[in-house]
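Protein chains in written order, with the UniProt record's numbering: chain H, 1 to 510; chain E, 1 to 510.
Cβ atoms here follow ideal geometry from the backbone N, Cα and C, with glycine treated the same way.
From a predicted model like this one, the values you see are computed outputs, not experimental measurements.
Quick notes on the structure that follows.
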């Protein structure tokens, strides 16, 4: 019986179950599995899963299942885990107790109020990026570090530790420009325009962007409407060498991978931590090889940063941490009181971006103005133009078609420029009365655009027709919902009926 | 198409999948499910799941699956969630966005260093016991409260909030005695003996106990070897009215249910927090209606409490918080340097308990001595006997068979006394050399007993043959592993080969 048991333990085979748990790895084993019994595993035990050859392994959380899913000699894995291990149906899988995580001692030490040093932070980030922490462990780490409990030195060490978890691009150039927006403002898609203008001025701009996590579109989602964004590091290098800039999805590269894991749990907790934000942004930019980074911080009552004091604290920390790495950052705060441009959603935002670059009559003036201002600041900051002359240069490069030509060259080099699609279903939302637009809620509009299908359905979203302080007439369209399915159109509209995102005041209230 | 989509959204049906995720609720929906698309759900979204009638609902985390598990119009639930909702195959299930959790604002406030008040703690505990928090949220709460960040007042308010999440037993008697052990010491099964002795002396002792969470046996597991322990509150009351005491599993009752949820995440984090420990123990005892509680704190290098300073801090907090509720606690510290009795595992410990109660020659002297000491302290503390006379009374009640008669009466009232079973497979572990037992690792022995099958296999575990400072000869048995399967016997033995739990020193080292 002994031999039988051990033989069985050695021949657990993989059965695909197609269960998507996002980034949290889960293993499914039968309640009568001999390995479960022999190892003393039960539901939620953390186990180490290895391929038969032992070449690949990861840590996963156990779910115990019955006959409906597996036979006792089979194991299932969440989609992310099976992809990471590269296993197919019938492959041999070995399962053992997860090794103790030494770095959790450092997390507990931080919970008890002790500062973390560089080796401790490196060990924690290494374990997190290798998938050895459960979400519970990550939440404990984030909570212990939030609430102003990280010193500047700890933030520097955290940035360095996150950087060390991934690859680093090296451009062998004294000035590598970049821009980043702290986010929270729907439609604020200035990056493609800024990259085109500044690259037209001769700056090197190898820009990596994220996809939406909780918003209706990330820059990578919007750019994907127009061209291919899933480039390898080698492909990106060829594009940048040819045209001086790129606009790619950072997820195709391995830049600060611990950041991607942390961000997911941060969103679930809705924890705002300056230290985590700074380490997240700067580790990504350092990994991308940037030397000069403009950071756009929208400021407004429904934006991410809401007060001048918050802004001042964030600015100081960004500058101090960047200095420790010899990186130059320029923090620019912009108006965060309402969405930017007209479109909210990948294709609608791409349409606005093209309109600005092509100098169309219809181009949203606010998106154009912001992009020019940020381009001017970045060019002056990088020394590409003398102080005070950036805006004139940016305006000229946009007006004479140089920026548009550069943008087309970038897209061609990445795989060809595509036209944004449009949604077949639309519904206008009308002003209920005469009056003035007194407030616009960024968060509700983002939510409505997501209910309409963005970002997964590229053409879905919201198209704005009014801005703050506009006078409107009863029955005049405030915005149009774009959707690909009637159900989604109805969901978005119903949500907005109970959560009006635009407030219309009477003239007296103004 | 609109009508079609809405109709489909209203007729998602439940399919049993038998996936045990322990206490974390998970819902499984098909990637092409119209509700997923329409609501904008993706993997890890928190959703509200309701029965068709809307009578029951809970919050669950979404896993997105493919055709292998579900059709697009079906939903699956983790076992715990389907039990809580009481759904069967084909039942109608409604799924909507989870409502925002107001109490998470209080958690974030605590993370930022602000104290929590009573209403905030009540809201947090209410949401936790109702299953509205994900493990990530619970981990953040625990981390924010650990590390000495809770004042005594906050600990009082937390205890009250946990108490309010469940039922309260009321015995309408001025003195209701109880005992609790802080834990961490294998084989320390004094409770059944103390309850029998003190009840024989006339004390009311309606004792609720837990099952093992990370240990090889809890008191409920050991008692279940001897009698039925899954009594309802009404059944427990009838037993106590008849014989003056009971020894039941607390999980059958609803006493401080938030505690059960918190403990699970605490164990995963291995966070030791005095505030959480005190609120956990005292809320359970207050809910059970106890007025006088003896708390046994084993002190030792591999026990839970390791230093005199830790003990003093814990004692003070226990006393202060208990006082706020008018409950009397007596903190007694005991030797925590080695296991108690001989058996480690439910049936082996039950055998030791019976031997002590029956006055057998073979009864372990240390278990008997501890039980007498704790009984004496509890009887004096409750005023059942004048100070200084407790030990004599306890010794007499044990010697004259009164305690054994009371124990039999308790078991008969609960459903009948059973004899412990024994394991068919045994392996002796021998001393490698002549020498002295210089140290015994409680944690390694617990782990080995679990690998042998305890607590799920009642008769499995470890039977100790030596104690600290015993002189041993090479080849003499140190302990015996008991198991029901060869594989488990081998696992336990292999673990002990690489992790020797007993250190044998030479006479010189002594």
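Taking the DSSP output, what are the residues bridged to residue i?
| i | result |
| --- | --- |
| residue 480 of chain H | H:428 and H:463 |
| residue 28 of chain E | E:63 and E:76 |
| residue 332 of chain E | E:296 |
| residue 97 of chain E | E:47 |
| residue 178 of chain H | H:293 |
| residue 471 of chain E | E:436 |
| residue 343 of chain E | E:463 |
| residue 58 of chain H | H:49 |
| residue 305 of chain E | E:299 |
| residue 92 of chain H | H:13 |
| residue 20 of chain E | H:64 |
What is the residue span of the alpha helix (DSSP H) that residue i lies within?
| i | result |
| --- | --- |
| residue 274 of chain E | 274-287 |
| residue 513 of chain H | Outside the modelled stretch of chain H, which goes from 1 to 510, sits residue 513 of chain H, for which no answer is possible. |
| residue 495 of chain H | 486-498 |
| residue 224 of chain H | 219-226 |
| residue 397 of chain E | 390-399 |
| residue 192 of chain H | 191-200 |
Work out the CA separation of residue j and residue i for me, nearest whole Å.
| i | j | result |
| --- | --- | --- |
| residue 8 of chain E | residue 86 of chain E | Confidence is the limiting factor: at residue 8 of chain E the pLDDT is only 38, short of 50, which leaves the residue's position unreliable and the question unanswerable from this model. |
| residue 468 of chain H | residue 199 of chain H | 33 angstroms |
| residue 420 of chain E | residue 347 of chain E | 5 angstroms |
| residue 378 of chain H | residue 184 of chain H | 21 angstroms |
| residue 99 of chain H | residue 133 of chain H | 11 angstroms |
| residue 317 of chain H | residue 486 of chain E | 60 angstroms |
| residue 287 of chain H | residue 103 of chain H | 24 angstroms |
| residue 32 of chain E | residue 452 of chain E | 45 angstroms |
| residue 490 of chain E | residue 482 of chain E | 11 angstroms |
| residue 230 of chain H | residue 178 of chain H | 19 angstroms |
| residue 351 of chain H | residue 374 of chain H | 20 angstroms |
| residue 442 of chain E | residue 471 of chain E | 20 angstroms |
| residue 339 of chain E | residue 186 of chain E | 5 angstroms |
| residue 182 of chain H | residue 46 of chain H | 35 angstroms |
| residue 218 of chain H | residue 212 of chain H | 4 angstroms |
| residue 372 of chain H | residue 276 of chain H | 30 angstroms |
| residue 308 of chain H | residue 91 of chain H | 57 angstroms |
| residue 160 of chain E | residue 258 of chain H | 39 angstroms |
| residue 221 of chain H | residue 263 of chain H | 18 angstroms |
| residue 465 of chain H | residue 228 of chain H | 30 angstroms |
| residue 94 of chain H | residue 94 of chain E | 39 angstroms |
| residue 497 of chain H | residue 274 of chain H | 35 angstroms |
| residue 74 of chain E | residue 392 of chain H | 60 angstroms |
| residue 492 of chain E | residue 463 of chain E | 13 angstroms |
| residue 84 of chain E | residue 311 of chain H | 46 angstroms |
What is the residue span of the beta strand (DSSP E) that residue i lies within?
| i | result |
| --- | --- |
| residue 435 of chain H | 435-440 |
| residue 504 of chain H | 502-505 |
| residue 206 of chain E | 205-209 |
| residue 14 of chain H | 12-14 |
| residue 581 of chain E | Residue 581 of chain E lies beyond the residue range present for chain E, which begins at 1 and ends at 510; the question has no answer from this structure. |
Which of the residues in the region 92-108 of chain E, read from start to end, lie with their CB under 8 angstroms from any CB of chain H? 104 and 108
Flag this pair as touching only if the region 138-150 of chain H and the region 138-147 of chain E have three or more C-beta atom pairs under 8 angstroms; answer yes or no. yes
What are the residues of the region 10-22 of chain E that lie near chain H, defined by any Cβ-Cβ distance shorter than 9 angstroms? 15, 16, 17, 18, 19, 20, 21 and 22
Pull out every residue of the region 261-285 of chain H whose Cβ sits closer than 9 angstroms to any Cβ of chain E, in chain order. 264, 265, 268, 269, 270, 271, 272 and 273
Chain-ordered residues of the region 41-69 of chain H with a beta carbon less than 7 angstroms from chain E: 43, 44, 63, 64, 65, 66, 68 and 69
Using 8 angstroms as the cut-off, can you tell me whether the region 281-300 of chain E makes contact with the region 371-384 of chain E, which would need three or more C-beta pairs spanning the two stretches below that distance? yes
Stretch pair the region 436-452 of chain H + the region 277-291 of chain H: three plus CB contacts closer than 8 angstroms: no
Please determine if the region 466-486 of chain E and the region 418-433 of chain E are in contact, where contact requires at least 3 C-beta pairs separated by less than 8 angstroms. yes
Got a sec: which bits of the region 136-164 of chain E sit with their beta carbon under 9 angstroms from any beta carbon on chain H, in order along the chain? 136, 137, 138, 139, 140, 141, 142, 143, 144, 146, 147, 148 and 149
Given a limit of 9 angstroms on CB to CB distance, which residues of the region 339-353 of chain E reach chain H? none
Taking one C-beta from the region 228-245 of chain H and one from the region 366-373 of chain H each time, how about it: are there three or more such pairs within less than 8 angstroms? no
Taking contact to mean 3 or more Cβ pairs, one atom from each stretch, closer than 8 angstroms, check whether the region 109-117 of chain E and the region 111-125 of chain H are in contact. no
Chain H contacts made by the region 108-134 of chain E, where a contact means CB separation under 8 angstroms: 108, 111, 112, 113 and 134
Could you say if the region 12-29 of chain H and the region 55-68 of chain H meet the contact criterion of at least three C-beta pairs nearer than 8 angstroms? yes
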